[in-house]
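Novice: Numbering-wise, the sequence shown is residues 59 to 271 according to the working numbering.
Quick one: the structure is below, and I'll ask about it shortly.
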Amino acid sequence: MKCSTSGSSAGASSRRAFVACCLHKTARPLIAFGYISGKLSSWLVLLIMAAVLLTVLMNALGLNMIVSFGKSVPLFGQAITINSITELQWHLFGLLILAGGSYAMHENVHVRVDMLHSHMSDTVKNWVEIIGHCLLLIPFCLLIAWLSRHMVEMSFMSGEQSSYGGLTDRYLIKAALPLGLLMLALGAVGEVLERLGRIIEPARSVEESSDAG
Numbered sequence: 059m060k061c062s063t064s065g066s067s068a069g070a071s072s073r074r075a076f077v078a079c080c081l082h083k084t085a086r087p088l089i090a091f092g093y094i095s096g097k098l099s100s101w102l103v104l105l106i107m108a109a110v111l112l113t114v115l116m117n118a119l120g121l122n123m124i125v126s127f128g129k130s131v132p133l134f135g136q137a138i139t140i141n142s143i144t145e146l147q148w149h150l151f152g153l154l155i156l157a158g159g160s161y162a163m164h165e166n167v168h169v170r171v172d173m174l175h176s177h178m179s180d181t182v183k184n185w186v187e188i189i190g191h192c193l194l195l196i197p198f199c200l201l202i203a204w205l206s207r208h209m210v211e212m213s214f215m216s217g218e219q220s221s222y223g224g225l226t227d228r229y230l231i232k233a234a235l236p237l238g239l240l241m242l243a244l245g246a247v248g249e250v251l252e253r254l255g256r257i258i259e260p261a262r263s264v265e266e267s268s269d270a271g
């Protein structure tokens, strides 16, 4: 998509269209990244189901260990045990939520209170989203990501691992928190730019929506 004005005689309408086009063009890769991460993370559901099934089978068969590596491997340590598989379920679910947050936001399927929102005009809805993202969501994501970096550093420096034979290298899991929040913040920036474009040039937004459908 190329953004341009209609020559030297372009008026205010053309300038608005140009600005809106630039905003949409900048927002699209940020939003697309959120969609891609969300769709990829959906495959984690299969891994979670497999981990749950494996845990049930190991319990039924009275097995404690599946395989021993003979050397330490990232996350699992010396062997894959029933405890490590049980912990893996929790962490995979956490990764699913963190990686799928942007997708849920872009698809508007996240939890919200619709008592007022459903009765608002499109312009008011866009402003509510912009203000909410700029004042609440983006600052929250950046703040927690900044604060959680110390947790990741301490986990790495101390070699933190499970205290009952579960997963090792917990810093790998904890690093998902700041990364997931930064991904959500980037998605929110994309949403802000996209909605600003809709406010500046509603006609372009309607046209693009109909073309996409």
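Each residue gets a CB set at the ideal place from its N, CA and C atoms; glycine is no exception.
Predicted, not measured: the structure shown is a model, and the values here were computed from it.
On the DSSP bridge list, what partners appear for A137?
Specialist: For A137, the pairing in a beta bridge is given by DSSP as S126.
Novice: Identify, in the order they occur along the chain, each residue of the same chain with its Cβ nearer than 7 angstroms to the Cβ of A243, setting aside the five sequence neighbours on each side.
Specialist: If we look at A243 and ignore the five residues flanking it on each side, its Cβ neighbours are I196, C199 and L200.
Novice: Return the CA-CA distance between R228 and D180, expressed in angstroms with no decimal places.
Specialist: 44 angstroms
Novice: Report the rounded CA-to-CA distance for G245 versus I143, giving the unit in angstroms.
Specialist: 32 angstroms
Novice: Which residues does DSSP pair with V250 in a beta bridge?
Specialist: Paired residues: none, contrary to the question.
Novice: Less than 6 angstroms between C-beta atoms, sequence neighbours within five positions excluded: which residues of the same chain meet that for K225?
Specialist: Here residue 225 is Leu; the residue named in the question, Lys, does not match the sequence. Excluding residues up to 5 positions away in sequence, L133, S142 and E145 lie with their Cβ nearer than 6 angstroms to the Cβ of L225 in the same chain.
Novice: Exposed or buried, what is I189 when buried is set at 16 or more other beta-carbons lying within 10 Å of its beta-carbon?
Specialist: exposed
Novice: Taking the CB atoms as reference points, tell me whether A85 and G248 lie closer together than 8 angstroms.
Specialist: yes
Novice: Could I get the ranges of all uninterrupted alpha helix (DSSP H) runs contained in the stretch 140–203, with 4 residues as the minimum, in chain order?
Specialist: Listed in chain order, the complete alpha helix (DSSP H) runs (minimum 4 residues) inside the stretch 140–203 are 140–165, 172–175 and 180–190.
Novice: To which residues does DSSP link V131 through a beta bridge?
Specialist: G135
Novice: Report the option in F76, S71, L154 and W204 whose CA atom is closest to the CA atom of M107.
Specialist: L154
Novice: Is DSSP giving G255 helix, strand or coil here?
Specialist: helix
Novice: Given a cut-off of 8 angstroms, decide if V110 and Q147 are closer than it, judged by their beta-carbon atoms.
Specialist: yes
Novice: Touching or not, the stretch 92–99 and the stretch 155–166, by the rule of three or more beta carbon pairs under 8 angstroms?
Specialist: yes
Novice: Would you check if the distance between the CB atom of I140 and the CB atom of N122 is smaller than 8 angstroms?
Specialist: In terms of Cβ geometry, I140 and N122 form a close pair [threshold 8 angstroms].
Novice: Consult DSSP for Y229 and reduce its assignment to one of helix, strand or coil.
Specialist: helix
Novice: Straight-line CA distance for M209 to S72?
Specialist: 50 angstroms
Novice: Which class does Y222 belong to by DSSP, given the choice of helix, strand or coil?
Specialist: coil
Novice: Grouping DSSP H, G and I as helix and E and B as strand, with all else coil, what is L240?
Specialist: helix
Novice: If you follow the alpha helix (DSSP H) that L121 is in, where does it begin and where does it stop?
Specialist: Taken as a continuous stretch (DSSP letters only), L121 belongs to no alpha helix (DSSP H), as it is neither H nor E.
Novice: For S100, which three-state DSSP category applies?
Specialist: DSSP places S100 in the coil class of the three-state scheme, outside both helix and strand.
Novice: On a Cα-Cα basis, can you pick out the residue from R74, F91 and I257 that is closest to N184?
Specialist: I257
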